[in-house]
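Q:
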Amino acid sequence: MERLYTPTQVSEMLGMSVKTLEKWRWERRNLPYVKLGTAVRYRESDLEAWLDGHTIGVR
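See the structure below:
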């Protein structure tokens, strides 16, 4: 089974607040998440894909 991260873990990894992640979920931004009952989790593969899609290459 794939590893799942909590919003707190993701906020620490990405250097942003848990509130920002909450706002993004409410706005349905493009960072996918999983709802397990009331718990929110992020798949490792979704985080990697999101980061790859937001990487800016050098010229």
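Once you know that position 5 of the sequence shown is 80 in the working numbering, the rest is easy, because the numbers rise by one and skip nothing. All C-beta atoms in this analysis are idealised placements derived from N, C-alpha and C, irrespective of residue type, glycine included. In this text the structure is predicted, and so the values were computed from the model without any measurement.
1. Rounded to the nearest angstrom, what separates residue 134 and residue 90 at their Cα positions?
2. On the three-state DSSP scale, how would you describe residue 93?
3. Assuming residue 111 is part of the beta strand (DSSP E), what are its boundary residues?
4. Taking the C-alpha atoms as reference points, what is the distance between residue 100 and residue 132?
5. List the residues that DSSP assigns as beta-bridge partners of residue 79.
A: Answer, in terms of the structure:
1. 25 Å
2. helix
3. 109–111
4. 27 Å
5. 118
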